[in-house]
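In terms of the numbering used here, the sequence shown is numbered consecutively and its last residue is 431. For every residue, glycine included, the Cβ atom is placed at its ideal position computed from N, Cα and C. Predicted model, so just to flag it, every value in this text is computed and none were measured. Heads up, the thing below is written out as structure tokens.
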Amino acid sequence: MTRRKKIYEGKAKILYEGPEPGTLIQYFKDDASAFNDQKKAVLEGKGVINNRISEYVMTKLNIIGIHNHLIKRMNLREQLIREVEMIPLKVVCRNIAAGSLATRFGLPEGQVLPRSILEFHYKDDKLNSPVVTEEHITAFNWATTQEIDDMMAMTLRINDFLSGLFSAVNITLVDFKIEYGRVFENDFARIILADEISPDSCRLWDSTTNEKLDKDRFRRDMGSVIESYTEVARRLGIMQEMPTVIQGGKV
Ligand code: UDP
Numbered sequence: 181m182t183r184r185k186k187i188y189e190g191k192a193k194i195l196y197e198g199p200e201p202g203t204l205i206q207y208f209k210d211d212a213s214a215f216n217d218q219k220k221a222v223l224e225g226k227g228v229i230n231n232r233i234s235e236y237v238m239t240k241l242n243i244i245g246i247h248n249h250l251i252k253r254m255n256l257r258e259q260l261i262r263e264v265e266m267i268p269l270k271v272v273c274r275n276i277a278a279g280s281l282a283t284r285f286g287l288p289e290g291q292v293l294p295r296s297i298l299e300f301h302y303k304d305d306k307l308n309s310p311v312v313t314e315e316h317i318t319a320f321n322w323a324t325t326q327e328i329d330d331m332m333a334m335t336l337r338i339n340d341f342l343s344g345l346f347s348a349v350n351i352t353l354v355d356f357k358i359e360y361g362r363v364f365e366n367d368f369a370r371i372i373l374a375d376e377i378s379p380d381s382c383r384l385w386d387s388t389t390n391e392k393l394d395k396d397r398f399r400r401d402m403g404s405v406i407e408s409y410t411e412v413a414r415r416l417g418i419m420q421e422m423p424t425v426i427q428g429g430k431v
């Protein structure tokens, strides 16, 4: 038996070489980290839930024409994905003030924003992923002006779609972070959505009580992290496929 080749290991996921050229396997770990890795924990079952939630969301996005890297979920923790050239940016979309936006501008958390706000952050944990503008992005060749426009248009569409998807199950999409990559087709490069969309990368509040159902529960030591992620999956109607250990909330 040969050991498969690890391409990259991040904080919450590992990428392995895929079965065919141009493919990779994305493995979801149980590891949680926050504040530039200063806070770490293993949350048993998180990888399984995020793998399923991300598959569900990416599949729905694909149906409405938002192309993404997901080919198929393979098992509880792994997805087969398209290999892309990652753009080193975190694209953040916000509907309600929270987290670093609330801190930066002194806004009360929970204040509805006058319109959805998009931000680009340069993806570098050592630098605390600073906010960057189009000037930085084009000057440092992280992406072209056309690619920036494409990412902005896609992110706003994703925001509209996901806001509706979550709102239908009484969850408010406060903000989220996504990442994009390039795929090359003949002489052309195209941007597609990559990475993951899960309670690790979104702020999700119960629409009635504003209870947090996302990674802030871990960041802020609020407890019941897995129970909240499980609740998101349950409301999305995808809990019945989960292993019984997670279904019982005892992981
Ligand atoms: N986010 C993320 N990964 C990061 C930084 C942020 O998934 O490395 C998500 C975060 O969960 C939230 C949104 O992006 O849904 C906006 O995060 P913010 O800038 O407020 O930063 P934070 O308060 O998480 O430091």
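Practice task
Please determine if the region 348–363 and the region 263–278 are in contact, where contact requires at least 3 C-beta pairs separated by less than 8 angstroms.
Solution key: yes
Handout entry: Cβ separation of residue 416 and residue 233, assumed to be a contact under 8 angstroms, to the nearest whole Å
Key = 7 angstroms
Practice task
Check each candidate in 345, 382, 407, 423 and name the one with the smallest Cα separation from residue 279.
Solution key: 382
Problem - Neighbourhood of residue 409 by C-beta distance below 6 angstroms, restricted to the same chain and skipping five residues each side - result: 229, 379
Handout entry: Where the beta strand (DSSP E) through residue 413 begins and ends
Key = Segment 405–415 is the alpha helix (DSSP H) holding residue 413; no beta strand (DSSP E) there.
Handout entry: Distance cut-off 6 angstroms: residue 272 Cβ against heavy atoms of the ligand ADP
Key = The ligand ADP is not among the ligands present in this structure, which contains only the ligand UDP.
Practice task
Mind reading off the beta-carbon distance from residue 246 to residue 203? Whole number of angstroms is fine, and I expect it under 8 angstroms.
Solution key: Incorrect: roughly 20 angstroms between the Cβ atoms, too far for contact.
Exercise for the section: Return the chain-ordered ranges of every alpha helix (DSSP H) run that is complete within the region 322–373 and spans a minimum of 4 residues. Expected result: 325–347
Exercise for the section: Round the Cβ separation of residue 372 and residue 264 to the nearest angstrom and send it over; I've been treating them as touching at under 8 angstroms. Expected result: 6 angstroms
Exercise for the section: Would you tell me roughly how many angstroms separate the C-alpha atoms of residue 281 and residue 355, rounded to the nearest one? Expected result: Near 10 angstroms, if we compare the C-alpha coordinates of residue 355 and residue 281.
Exercise for the section: Could you tell me the distance, in whole angstroms, from the CA atom of residue 192 to the CA atom of residue 368? Expected result: 31 angstroms
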